[in-house]
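Here's the structure, in structure tokens; my notes come after.
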Amino acid sequence: LLRGQNRAPLASAMLASAMLAPLAAAALVASAAAAYPTVHVSSSASAVELFAASELRNYLGNMSSAEVTLHIADEKPDGDVIAVGFDAATGLGLAASELDGLKNDSYVISSKKSGIPSGSFVVTGGKASARGTMFAAYDFLRLLGCKFLARGSGVPPEVAFTMQEELPASPPSTIPPVDVTYHPLYEYRDNNEWAAATLPSWAGKLGYNGPSAHGAAPGTMAVTCKRSRSLCVFQGSLKEAAAQLGGRSRR
């Protein structure tokens, strides 16, 4: 995954795309009693952190009859929040040392760690993580009952090549306490099956980090090292990344 050099236009385009994109979800009766916290992300956030925050706002908004607000600013708003990304999490009160040791795809989802106000949550990767916060956002949604299903699962044969998403039939009225620190078991996660190669947004939701993943997040790119097959992360353009690899790269 690549963080672009000029983040502001990428972030704006990505937020507009994410806010307007409809959810391919099963029928849902929103929880009338649900009142989810404001989704807060720092104005200094990366494009991927902004994307993760907008995804959380969209999904939580579809699970609740009440509006879920996306707040982009250095200072958090009044009341409970879901702080998305490193700067928002540490600004909320989480000690930066709690995120030490998180690798590029590792993340923390917590309402219990020291410094987090009661009723608020952090959803974040480590400092300068290219992908951790996005993976954290999708895992947070899984904890609440969202499902990102495989090809043909739960859909009729005539649409068997469609990825289906399911929101919980009975969304929780409040988000329960949580404390998760996750480190992927494998550094490189991808496959060349039709689903992953054709639907990169679905691949990203499953935690893939190879060339097929994350196409739904503008300003991001996965590049595969020729020798080790592990994921390399570069600052710069696709052309520059390919030059550093000394070979071909894939979007």
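Mapping to my numbering: the sequence shown position 41 is 1228, numbers consecutive. The C-beta atom is built at its ideal place from N, Cα and C for all residues, glycine as well.
Excluding five sequence neighbours on each side, which residues of the same chain lie with their C-beta closer than 6 Å to the C-beta of K1290?
-> Along the sequence shown, read from residue 1 onward, the residue named residue 1290 stands at position 103. Closer than 6 Å at Cβ, skipping near neighbours: no residue.
Given S1241 as reference, the closest of S1231, V1255, A1317 once Cα atoms are compared = Locating residue 1241 in the sequence shown gives position 54, counting from the first residue. Ranking S1231, V1255, A1317 by Cα distance to S1241 puts V1255 first.
With distances taken between CB atoms, is the gap from Y1375 to Y1294 smaller than 8 Å?
-> To locate residue 1375, count along the sequence shown from 1; it is residue 188. To locate residue 1294, count along the sequence shown from 1; it is residue 107. No, these two residues do not count as a Cβ contact at 8 Å.
In three-state terms, what does DSSP make of T1385?
-> As a working note, residue 1385 is residue 198 in the sequence shown. Looking at T1385 - three-state DSSP - the assignment turns out to be helix.
To the nearest angstrom, how far is it from the Cα of A1222 to the Cα of A1383?
-> Mapped onto the sequence shown, residue 1222 falls at position 35. Mapped onto the sequence shown, residue 1383 falls at position 196. When rounded, the distance between both Cα atoms is 34 Å.
Whether A1283 touches T1311 by CB criterion (8 Å) | As a working mapping, residue 1283 is identified with position 96 in the sequence shown. As a working mapping, residue 1311 is identified with position 124 in the sequence shown. Cβ distance not < 8 Å, so A1283 and T1311 don't count as in contact.
Quick one: give me the first and last residue of the alpha helix (DSSP H) that A1234 is part of.
-> Residue mapping note: residue 1234 aligns to position 47 of the sequence shown, counting from 1. That run of the alpha helix (DSSP H) goes 1234 to 1250.
Option nearest M1321 by Cα separation, candidates P1224, L1237, I1362 | As a first step, residue 1321 must be located in the sequence shown, where it is residue number 134. For the set P1224, L1237, I1362, the Cα lying nearest the Cα of M1321 is the one of L1237.
Closer than 7 Å: is that where the CB of T1256 sits relative to any heavy atom of the ligand SAH?
-> In the structure shown, the ligand SAH is absent, as is every other ligand, since no ligand is present at all.
Inter-residue Cα distance where the pair is S1252 and V1235 | In the sequence shown, counting from the first residue as 1, residue 1252 sits at position 65. In the sequence shown, counting from the first residue as 1, residue 1235 sits at position 48. Between S1252 and V1235, the C-alpha separation is close to 27 Å.
Mind checking Q1431: buried by the 16 CB within 10 Å criterion, or exposed?
-> If you number the sequence shown from 1, residue 1431 lands on position 244. Confidence at Q1431 is low in this model, with a pLDDT of 38, below 50, so its placement is unreliable and no value can be given for it.
Who pairs with L1289 in a beta bridge, going by DSSP?
-> Taking the first residue of the sequence shown as position 1, residue 1289 is located at position 102. According to DSSP, L1289 bridges with nothing at all.
Contact under 8 Å by Cβ, G1280 with I1296 = Taking the sequence shown and counting its residues from 1, one reaches residue 1280 at position 93. Taking the sequence shown and counting its residues from 1, one reaches residue 1296 at position 109. Inclusion of G1280 and I1296 in the CB contact set at 8 Å is not warranted, their separation being larger than that value.
Exposure of G1319, with buried meaning 16 or more beta-carbon neighbours within 10 Å = Mapped onto the sequence shown, residue 1319 falls at position 132. When all chains shown are included, G1319 counts as buried.
Would you kindly report the start and end of the unbroken beta strand (DSSP E) that includes A1270?
-> The sequence position of residue 1270 within the sequence shown is 83, counting from 1. 1268 to 1271 is the extent of the beta strand (DSSP E) around A1270.
Tell me the DSSP bridge mates of D1265?
-> What you label residue 1265 is simply residue 78 of the sequence shown in a count that begins at 1. Assignment of beta-bridge partners to D1265 by DSSP yields no partner.
Out of G1394, P1358, Y1373, state which residue places its alpha-carbon closest to the alpha-carbon of M1250.
-> As a working mapping, residue 1250 is identified with position 63 in the sequence shown. Out of G1394, P1358, Y1373, P1358 has the C-alpha closest to the C-alpha of M1250.
For the beta strand (DSSP E) holding Y1294, just list the boundary residues, first then last.
-> Along the sequence shown, one-based indexing puts residue 1294 at 107. 1294 to 1297 is the extent of the beta strand (DSSP E) around Y1294.
Who are the Cβ neighbours of G1248 in its own chain at under 6 Å, not counting the five residues just before and after it?
-> As a working note, residue 1248 is residue 61 in the sequence shown. Its chain contains V1255 as the residues whose beta carbon lies nearer than 6 Å to that of G1248, once the 5 sequence neighbours on both sides are disregarded; these appear in chain order.
Does DSSP classify L1257 as helix, strand or coil?
-> One-based indexing of the sequence shown puts residue 1257 at position 70. Correct three-state label for L1257: strand.
Reference E1262; option with closest CA among N1245, L1286, V1226 | Taking the sequence shown and counting its residues from 1, one reaches residue 1262 at position 75. Comparing Cα positions, the closest option is V1226.
Classify K1300 as helix, strand or coil using the three-state DSSP reduction.
-> Here residue 1300 refers to the residue found at position 113 when the sequence shown is read from its first residue. If DSSP states are grouped into helix, strand and coil, K1300 belongs with coil.
In chain order, what residues of the same chain have a beta carbon less than 6 Å from the beta carbon of K1392, not counting five sequence neighbours either side?
-> Here the question's residue 1392 lines up with position 205 in the sequence shown. Answer for K1392: Y1325, F1335, listed in chain order.
D1265 versus S1399 - alpha carbon distance = Translated into positions along the sequence shown, residue 1265 becomes position 78. Translated into positions along the sequence shown, residue 1399 becomes position 212. Answer to the nearest angstrom: the Cα atoms are 40 Å apart.
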